[in-house]
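Working notes, structure below.
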Amino acid sequence: KRKIRVIMTKPVFNKIDCYSIPVADLDKGIQFYNNLGHKLLWRDGTHSAGLSLPGSDDELVLHTDNRPFETCLLVDSVDTAVDSIVKNGGTLVFGPIQIKVGKYALLNDPWKNPLPILDFSNGLLLTDSDGNVIGNQPK
């Protein structure tokens, strides 16, 4: 029998944070997903918007930049997660970079599966009463 060595450590990934979806027009994207029952939670100009996923605190995040569709995983610290993933055979593809809520990086596992990660080191988004992003919540 083959034995698998188990190392007790805190998991790197906390949860799925968002499904990041590219759209050509943010207003049309918001309208489409709103028509499917997903409520607008926040909006950052013409660049991005977050919509609800009922039954979860995950979000659909629509964006107009050149990023692909991806499922972002929340970590405590992008820098620590990058170190751990690379130390265990993963590869850094892009980043880390600063984003509004903290840091983001894209890695691959040893089988070339993408692992987009982010942290909330800058704090969650702060919005006005209309859902427009006006800064970050205190940590």
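In the numbering used here, the protein residues as written are 1 to 139.
For glycine and all other residues, C-beta sits at the position ideal for the given N, C-alpha and C.
Beta strand (DSSP E) containing residue i: first to last residue?
i	result
T127	L125 to T127
K103	G102 to N108
I134	V133 to N136
P116	P114 to L118
Assuming residue i contacts residue j under a Cβ cut-off of 8 Å, what Cβ separation, rounded to an integer in Å, is found between them?
i	j	result
V61	Y19	7 Å
G45	V78	That belief does not hold up - the Cβ atoms of G45 and V78 are roughly 24 Å apart, past 8 Å.
N113	G123	About 30 Å; that fails the 8 Å criterion.
L106	V93	5 Å
N34	L40	6 Å
L73	I117	5 Å
D58	D17	6 Å
Residue i: buried (16+ other C-beta within 10 angstroms of its C-beta) or exposed?
i	result
W42	buried
P54	exposed
G50	buried
I4	exposed
D119	buried
I97	exposed
P11	exposed
L115	buried
G155	Residue 155 lies beyond the stretch modelled for the chain, which goes from 1 to 139, so this question has no answer here.
Which residue's Cα is closest to the Cα of residue i: the options?
i	options	result
T64	V23, K112, L106 and D109	V23
V133	S48, G37 and D119	S48
G131	S52, D17 and R2	S52
K100	D17, D83 and L125	L125
K139	S129, T127 and S121	S121
K15	V75, A81, W111 and G90	V75
D109	D128, H38, A81 and T127	A81
G89	W111, P68 and H38	W111
Ranges of the beta strand (DSSP E) found wholly within the stretch 19-98, counting only runs of at least 3: 40-44, 48-52, 59-63 and 70-74
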